[in-house]
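K.L.:
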Amino acid sequence: MAELTQRMASLADVQGIWGLLRQVSADVPFEIDSEREQESILSELMACCTSGLSPLAVDDEKGIVGVLLARRDDLEWGLRNKEAIHVAYAALEPGFRGTDLLAKLLGEVKGRKVSVLASVKAGEKQGFADALGREGFTHEITALSGWGDLYQWTPPAA
Numbered sequence: 014m015a016e017l018t019q020r021m022a023s024l025a026d027v028q029g030i031w032g033l034l035r036q037v038s039a040d041v042p043f044e045i046d047s048e049r050e051q052e053s054i055l056s057e058l059m060a061c062c063t064s065g066l067s068p069l070a071v072d073d074e075k076g077i078v079g080v081l082l083a084r085r086d087d088l089e090w091g092l093r094n095k096e097a098i099h100v101a102y103a104a105l106e107p108g109f110r111g112t113d114l115l116a117k118l119l120g121e122v123k124g125r126k127v128s129v130l131a132s133v134k135a136g137e138k139q140g141f142a143d144a145l146g147r148e149g150f151t152h153e154i155t156a157l158s159g160w161g162d163l164y165q166w167t168p169p170a171a
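For the sequence shown, counting from 1, position 58 maps to 71 in the numbering used here; every step adds exactly one.
1. Using beta-carbon positions only, say whether Ala70 and Leu17 come within less than 7 angstroms of one another.
2. With a CB to CB cut of under 6 angstroms and the five nearest residues on each side skipped, what residues in its chain are close to Ala142?
3. Take Leu115 and list the residues in its own chain whose beta-carbon comes closer than 6 angstroms to its own, dropping the five residues that flank it on each side.
4. If you run the structure through DSSP and keep just helix, strand and coil, what is Val78?
5. Hey, would you say Ala60 sits closer than 7 angstroms to Arg84, going by beta carbons?
6. Could you give the C-beta distance for Ser38 and Ile30, rounded to a whole number, given that I count them as a contact under 8 angstroms?
7. Is Arg20 helix, strand or coil by DSSP?
8. How close, in whole Å, do the beta carbons of Ser67 and Leu88 come, if the pair is a contact with beta carbons under 8 angstroms?
9. Who does Gln165 pair with in a DSSP beta bridge?
10. Tell me the rounded alpha-carbon separation between Leu24 and Cys62.
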């Protein structure tokens, strides 16, 4: 397996992350053919790449093989005046599924020592929900619309 390096995403990574998302769109999932959905995903991608909270993994050829698109959770911040991170999307190249890559990326986010919320879209096929469970996240809610599930991790008390 290739040697991987982890770092936080930046605007310079938008094209590479978009390429990965397009490659695995059916497994994330989102509609690649819908212009409206693409605009929504690209807006989230830009917000996450500028947040300083989105870990990604690159292989030894500098290709992005995994990413968690994360940013500050505006609802927690606005309503509860509490810091929290929201992972909106996870994307892994197929060859890196079943490895510990999701756990490593989640470790980067959990290392911030604030609550982490993670959205898992209905029909997700990368093993994200299972990885969240192994990493101590609890299932909080299933959206009535069938959109997906929300998981949460709370750091241990100091």
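C-beta: ideal position from N, C-alpha, C; glycine also.
P.N.:
The answer reads as follows:
1. What you label residue 70 is simply residue 57 of the sequence shown in a count that begins at 1. What you label residue 17 is simply residue 4 of the sequence shown in a count that begins at 1. In this structure, Leu17 lies closer than 7 angstroms to Ala70 by Cβ.
2. If you number the sequence shown from 1, residue 142 lands on position 129. Hits under 6 angstroms: Val133.
3. One-based indexing of the sequence shown puts residue 115 at position 102. Result list for Leu115: Ala144, in chain order.
4. Here residue 78 corresponds to residue number 65 of the sequence shown, with the count starting at 1. Of the three classes helix, strand and coil, the one that applies to Val78 here is strand, per DSSP.
5. As a position in the sequence shown, residue 60 is number 47, starting the count at 1. As a position in the sequence shown, residue 84 is number 71, starting the count at 1. Closer than 7 angstroms, so yes.
6. In the sequence shown, residue 38 corresponds to position 25, counting from 1. In the sequence shown, residue 30 corresponds to position 17, counting from 1. About 12 angstroms; that fails the 8 angstroms criterion.
7. The sequence position of residue 20 within the sequence shown is 7, counting from 1. DSSP places Arg20 in strand when its eight states are reduced to three.
8. The residue labelled residue 67 in the question sits at position 54 within the sequence shown. The residue labelled residue 88 in the question sits at position 75 within the sequence shown. Contact doesn't hold; Cβ gap of about 18 angstroms is too wide.
9. Position 152 of the sequence shown holds residue 165. In the DSSP output, where bridge partners are listed per residue, Gln165 has Leu130 and Thr151.
10. Here residue 24 refers to the residue found at position 11 of the sequence shown. Here residue 62 refers to the residue found at position 49 of the sequence shown. Leu24 and Cys62: Cα-Cα distance of roughly 5 angstroms.
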